[in-house]
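Numbering (the working numbering), first residue to last: 4 to 292. All C-beta atoms in this analysis are idealised placements derived from N, C-alpha and C, irrespective of residue type, glycine included.
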């Protein structure tokens with residue numbers, strides 16, 4: 004519309020310019036000339052469109068949608084065509100919903116969805132759905148998939164380690180549904196799960212009991228290891244004593260006694276030596292005092 008209006012204004016201004024020229028009305032003639040110039044500049048500018056970064060443009064000329072999308076930057080287009088811009092950036096959608104569990108319990112689930120539009124499918128999305136594809140396709144399918152997946156799990160499983168598995172199943176199933184339409188799912192992280200109060204308490208008590216059981220098992224294993232260590236240590240001491248006992252005999256003891264007596268006899272303080280009686284008797288050496 005701007006292009007057509009500018010062209011009409013430009014044509015009228017040119018006609019007025021020549022009429023005023025004949026009438027030699029210079030002031031009005033200059034104004035008409037400037038008006039025509041501005042109008043044609045505006046018309047020329049309408050043939051250019053700027054597509055911002057992170058978006059693509061879909062060209063719609065009188066109901067005919069171009070097969071080629073406009074990339075980010077300055078593009079030349081038919082001034083009579085409409086350019087619809089689609090974001091291809093990663094977008095986040097948050098949902099808080101009540102979903103059923105396998106037992107039929109109602110569980111409140113807070114979940115996020117990270118998604119983006121496939122730029123190659125922007126034309127198809129525009130032709131078949133329109134710019135409001137999130138409300139028409141994505142949100143209904145997302146809610147349906149979440150309810151379908153959670154219905155396969157017991158409530159306690161949603162509260163514990165199965166959350167990652169649950170998020171993975173939601174991602175896979177949703178991608179299969181909306182991926183062919185041109186919507187790419189990046190992830191579907193679970194933010195919070197709120198169970199009925201009584202069920203939450205029983206699950207927490209069970210988890211606490213399991214943790215206590217694991218702690219006691221750890222303590223028992225530690226005590227068993229300590230007992231085994233002491234048993235090995237005692238066996239080593241016993242083996243050492245047995246080896247030493249086997250090496251000590253009467254001959255060794257007699258020889259050690261002779262060595263000790265010899266050292267005492269060589270001492271400067273030794274004065275009196277009393278010879279021991281018996282076969283194995285050793286001398287007794289008395290000093291000065």
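Exposure label - residue i; buried when at least 16 CB within 10 Å
i: residue 7; result: exposed
i: residue 269; result: exposed
i: residue 13; result: buried
i: residue 223; result: exposed
i: residue 46; result: buried
i: residue 198; result: buried
i: residue 72; result: buried
i: residue 11; result: exposed
i: residue 48; result: exposed
Chain-order list of residues whose beta-carbon lies under 8 Å from that of residue i (same chain, five-residue window excluded)
i: residue 51; result: 77, 78, 79, 80
i: residue 85; result: 62, 63, 64
i: residue 189; result: 93, 117, 118, 119
Own chain residues within Cβ distance below 6 Å of residue i, not counting five before or after
i: residue 124; result: 185
i: residue 88; result: 58, 60
Close Cβ partners of residue i (< 7 Å) along its chain, the five nearest in sequence each way excluded
i: residue 173; result: 148, 149, 152, 191
i: residue 100; result: 112, 146, 149
i: residue 155; result: 105
i: residue 91; result: 57, 58, 59, 119, 120, 122
Assumed close pair residue i, residue j - CB separation to whole angstroms, cut-off 8 Å
i: residue 195; j: residue 113; result: 4 Å
i: residue 144; j: residue 180; result: 5 Å
i: residue 102; j: residue 75; result: Contact doesn't hold; Cβ gap of about 39 Å is too wide.
Legend entry - In chain order, each alpha helix (DSSP H) run of at least 4 residues that lies wholly inside the region 22–100: 29–48
Inset, instruction - Could you tell me whether the region 60–69 touches the region 36–43, using the rule of 3 or more Cβ pairs below 8 Å? - result: no
Inset, instruction - For the region 119–135 and the region 152–160, state whether three or more C-beta atom pairs, one from each stretch, are separated by less than 8 Å. - result: no
Inset, instruction - Entirely within the region 120–182 and at least 4 residues each: give me those alpha helix (DSSP H) ranges in chain order. - result: 125–131, 142–153, 158–162, 166–181
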